[in-house]
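**Q** If you read the sequences in order, they're chains A and B. Under the numbering used here, the residue at position 107 of the first sequence is numbered 107, and the numbers go up by one with no gaps. Counting from 1 along the second sequence, just add 148 to a position and that's the residue number in the numbering used here. To start, I am sharing the structure in question, which I have written as C-alpha cells.
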Amino acid sequence: MTSPIEGVMDKVKTWARVNSPWAIHFNSGSCNGCDIEILATLTPRYDVERFGIKLQGSPRHADVLICTGPVTLQARDRLVRIYEQMPEPKFVVAVGSCGISGGVFQGCYGVVGDIGDVIPVNVYVPGCPPRPEAIIYGVVQLLKSLQS
Amino acid sequence: MGSEKKPEKFVVSIGPQHPALKEPGHFEFGVEGEIVTSATARLGFVHRGMEKGTESRTWVQNLYLMERVCGICSHVHAMAYAQGVEKLAHVEVPPRARAIRELIAELERIHSHLLWLGVAAHEGGFDTLFMLSWRDRETVMDLLESITGNRVNYSANVLGGVKIDIDEAKISAIHKGMDFLEERTRHYMKVVTEDETFLGRTRNIGSMSLDLALRLGAVGPTARASGVTYDVRVDSPYAAYADFPIKVVTDTAGDLEARFVVRIKELYESFRVIRELIDHMPASELTTRIPRRMPEGEVVSRVEAPRGELFYYLKSNGSDMPERIKVRTPSLCNWGSVLSTAVGHKLADMPMILAGIDPCFSCNDRMVLVNQDNNLSTWSWEDLRQYGIEYYK
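Laid out in C-alpha cells, this is it:
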C-alpha cells in the first residue's frame, strides 16, 4: 500500500522520466548500419531532441540503453558491465535484426547470440537497418509503456 | 623502474564504450601533462568471425553476409565480392550493370564522406557543421533509397549484375540532388579552409609525411592527403571506371586540414562522374547467368572504398560454397598512421586525429600479426589456437 505522497511522487517521477529519457548507445558487434541510423535520428531531419531524448556519453547518466548488433564474445562482458553501471530503473532498446536473432551473423564463431540472450530487452526494433522513423517509433513505444 | 627518477607518466584509457566514436574500440594514451607520448589501440570488439562464416554459406548467401561487413560502405563490399565471384566464373557483366554499380558506389562515397565530415567536425567540437552536413546527407540518402529501396545496405548487386535500374524520373532526381549538394559542398570547402577556429584544430595537426605514409602502408584519402598518388579506380579500373574515369585528388600537406580538403574535392569528382554516368548510361541487360557452383580457382578483387583500397581474395574448390575468403579493409591499414602521428600532440586533439582516418571498426576487427623481422612463416591452425590460449590466459 503506497501513501498518497508516494503516489504523487511516482507520478512526478514518471512524468520526468517520460519527458527526458537520456540514452546511451552501445554497439556490441553490429555492422555500423544501425549505428549511423541512430545517429541520423539526432540530426535535423529527425531530431529526437524535440522529444527530450538526449544521447549521453556515460552509462551512469543514462536511462535507456540503445544497443545494436549481435553480441560478440569480446563485447559481451562490456555490454553486461555497461548495463550494470546504469542506474535503476533502466530500459533496453535493441535496434536491428541482429539484435533480435543474430541476423545474418548467426553461426559465426565470434557471435554469442542476440542481445536478449545477454541482458533483458524491453523493445525490439526490427529492420536491417531500421529506418530512423522506426527507431523513434520504438523509443516512443517504450515511453508509452512507461506511462501506463 | 625501481628507484630510477622518471618523469611522471599517466595513461588515459578510453573505451570500449565511449562518447566520441560510435563503435567500440579501446585506446590507451600515455600522457605527460597535456602531451601524448604513446598511443596504443586495442581492437577486436566487433570480431564476429565472418571470414570463417562464409565457408558455411553458399556463394549467393555470402553476397548478403559480405554486404554487412560494414554498413557505411556496404555497396563496395558487395561489389568487390561479386566482381571476384564473376571473375571466378569467367562471366562478363553487362555494361549497364557496371555503370549502375559505379553510380551506386559514387553515391555511397558522397554519403560516406558527408557522414565523415560531420563526425570529424563533431569531434572537433564544431556541432553546427555536424548537423548541417548530416542534414544535407539526407539528400543522398533519399536518392539511394529511391533507387535501391533501402537507406543503408542497399543490396543493389547480384552475382552477375545488378537488380535495380534507373529511369528518367530517377535521373532528374539525381541531377537535382547533385546540384544541391555541389552548392552545399562549396560552402563546406569554404568552412574547412577559412574558418579560423576550425583551422586551429586541423592545420598542422596529425601531419604525416609522404615517406611515413608509404612506410605505414596508409591507403585512401588518408594517404592521398600526404601526396600518395594511388587510387584503385584509376590504377586498376573496375566496374565502369574505364569508361567514366575519375581524377585522383591529392594534397601535399598531410595534416588534418589536407584530409578534409582531399575528401571534399573527392566529392566534386563524384558529382561530376555521377552526372556523366546518368547522362550517358549504356543500354543493355542488367544481369547475366552465373553458375551456382564456381569452378575451382582463386582470384583477387580490388575496389576503392570511401576509406581506401578494399581487397578481396576468394578461393573456390568447385563446390557451391567458397573454400576461403579473405578481406583486407582500408581502416586497418590506416591505424598505424593514427598511432604514430598521435605522439607529440595534445590529448584534446586525439578525437580529431582518430576520426581523421575515418575509422570503421566493424570491418577492421580481425587478428593481425605484425611481421617485424621479415621472416616468412605460415601459421597452422594449431599455432593459432595455442596463440589464442596464451593471449587470453
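Even glycine gets a Cβ: it sits at the ideal position worked out from N, Cα and C.
What residues from chain A crowd round W282(B), counting only those whose CB sits closer than 9 Å?
**A** Start at 1 with the first residue of the second sequence, and residue 282(B) comes out as number 134. Ordered by position in chain A, the residues that pass the 9 Å Cβ test against W282(B) are L39, A40, L42, T43, P44, R45.
**Q** Check the Cβ-Cβ distances between E171(B) and every residue of chain A, and say whether any is below 7 Å.
**A** The residue you call residue 171(B) lines up with position 23 of the second sequence. Closer than 7 Å to some Cβ of chain A, the Cβ of E171(B) qualifies, so yes.
**Q** Just to confirm, is the Cβ distance from E414(B) to K395(B) under 7 Å?
**A** Residue 414(B) sits at position 266 when you count from the first residue of the second sequence. Residue 395(B) sits at position 247 when you count from the first residue of the second sequence. Contact: no.
**Q** Please report how far the alpha carbon of Q141(A) lies from the alpha carbon of L502(B), in whole angstroms.
**A** On the first sequence, residue 141(A) is found 141 positions in, with the first residue counted as 1. On the second sequence, residue 502(B) is found 354 positions in, with the first residue counted as 1. Roughly 36 Å separates the two Cα atoms.
**Q** Give me the chain A residues within the contact set of L197(B), using Cβ-Cβ distance strictly less than 8 Å, ordered along the chain.
**A** Here residue 197(B) refers to the residue found at position 49 when the second sequence is read from its first residue. First, the residue type needs correcting, since residue 197(B) is Gly and not Leu in the sequence shown. Here the neighbours are C108, Y109, G110, V111.
**Q** If the criterion is Cβ atoms closer than 7 Å, does the pair G29(A) and T72(A) meet it?
**A** By 1-based counting over the first sequence, the position of residue 29(A) is 29. By 1-based counting over the first sequence, the position of residue 72(A) is 72. A contact, by the Cβ cut-off of 7 Å.
**Q** Using a Cβ-Cβ cutoff of 8 Å, what residues of the region 299-310 of chain B are near chain A? List them in chain order.
**A** Answer in chain order: R299, V300, N301.
**Q** Does any CB atom of chain A fall closer than 7 Å to the CB of S294(B)?
**A** The residue you call residue 294(B) lines up with position 146 of the second sequence. Taking Cβ atoms only, chain A never reaches closer than 7 Å to S294(B), which makes this a no.
**Q** Identify whether Q147(A) lies in helix, strand or coil by the three-state DSSP scheme.
**A** Taking the first residue of the first sequence as position 1, residue 147(A) is located at position 147. Helix, per DSSP.
**Q** Whole angstroms are fine: how far does the CA of I136(A) sit from the CA of D63(A)?
**A** Translated into positions along the first sequence, residue 63(A) becomes position 63. Translated into positions along the first sequence, residue 136(A) becomes position 136. If I take the Cα positions, the gap works out to 16 Å.
**Q** Under a three-way DSSP split, which group does K13(A) fall into?
**A** For the purposes of this step, residue 13(A) is identified with residue 13 of the first sequence, where counting begins at 1. Correct three-state label for K13(A): helix.
**Q** Helix, strand or coil for P470(B) per DSSP?
**A** As a working mapping, residue 470(B) is identified with position 322 in the second sequence. DSSP places P470(B) in strand when its eight states are reduced to three.
**Q** Compare the C-beta of T68(A) with all C-beta atoms of chain B and state if any pair is closer than 7 Å.
**A** The count along the first sequence starts at 1 and reaches residue 68(A) at position 68. Judged by the 7 Å Cβ criterion, T68(A) is not in contact with chain B.
**Q** So that I know if they touch, is there some Cβ in chain A lying closer than 7 Å to that of W527(B)?
**A** Here residue 527(B) refers to the residue found at position 379 when the second sequence is read from its first residue. Answer no: the Cβ-Cβ gap between W527(B) and chain A never drops below 7 Å.
**Q** What residues match up with R450(B) in a beta bridge as DSSP calls it?
**A** Taking the second sequence and counting its residues from 1, one reaches residue 450(B) at position 302. For R450(B), which the question treats as bridged, DSSP gives the partners F459(B).
**Q** Should L55(A) go down as buried or exposed, given a rule of 16 or more other Cβ atoms within 10 Å for buried?
**A** Your numbering for residue 55(A) matches position 55 in the first sequence. Classification for L55(A): buried.
**Q** Identify the contact partners of R411(B) in chain A, using a Cβ-Cβ distance below 9 Å as the criterion.
**A** Here residue 411(B) refers to the residue found at position 263 of the second sequence. Ordered by position in chain A, no residue passes the 9 Å Cβ test against R411(B), which lies about 17 Å from the chain.
**Q** I need the DSSP call for Y124(A), collapsed to helix, strand or coil.
**A** Counted from its first residue, the first sequence places residue 124(A) at position 124. Y124(A): strand per DSSP, three-state reduction.
**Q** Less than 7 Å between CB atoms is the rule here; does S418(B) satisfy it with respect to chain A?
**A** Your numbering for residue 418(B) matches position 270 in the second sequence. S418(B) does not count as touching chain A.
**Q** If you scan the region 234-313 of chain B from start to end, which runs of the beta strand (DSSP E) of 3 or more residues do you find wholly inside it?
**A** The qualifying runs do not exist here; there are none.
**Q** Taking 7 Å as the CB-CB limit, is R216(B) close to chain A?
**A** Position 68 of the second sequence holds residue 216(B). Chain A contact via Cβ: present.
**Q** Is the beta carbon of H174(B) closer than 7 Å to that of R196(B)?
**A** Within the second sequence, residue 196(B) is the residue found at index 48, counting from 1. Within the second sequence, residue 174(B) is the residue found at index 26, counting from 1. No. Outside cutoff.
**Q** Please confirm whether Q534(B) has its beta-carbon closer than 7 Å to some beta-carbon of chain A.
**A** The residue given as residue 534(B) occupies position 386 in the second sequence. No, Q534(B) lies away from the interface with chain A (no Cβ there is under 7 Å from its Cβ).
**Q** Starting from the C-beta of F274(B), find all residues in its chain whose C-beta is less than 7 Å away, skip the five residues before and the five after it, and write them out in chain order.
**A** For the purposes of this step, residue 274(B) is taken as the residue at position 126 of the second sequence. Result list for F274(B): F346, in chain order.
**Q** Looking at the unbroken beta strand (DSSP E) that takes in F177(B), where does it start and where does it end?
**A** Stepping through the second sequence from its first residue, residue 177(B) is reached at position 29. First-last of the beta strand (DSSP E) with F177(B): 174-180.
**Q** Pull up the distance between the alpha-carbon of N305(B) and that of A230(B), whole angstroms please.
**A** Indexing the second sequence from 1 puts residue 305(B) at position 157. Indexing the second sequence from 1 puts residue 230(B) at position 82. Straight-line Cα distance between these residues: approximately 7 Å.
**Q** Go ahead and label Y263(B) buried or exposed: buried means 16 or more other beta carbons lie within 10 angstroms of its beta carbon, across all protein chains shown.
**A** Counting from one through the second sequence, the residue named residue 263(B) turns up at place 115. Here the sequence assigns Leu to residue 263(B), which means Tyr is not the residue at that position. Its Cβ being crowded by 16 or more others within 10 Å, L263(B) is buried.
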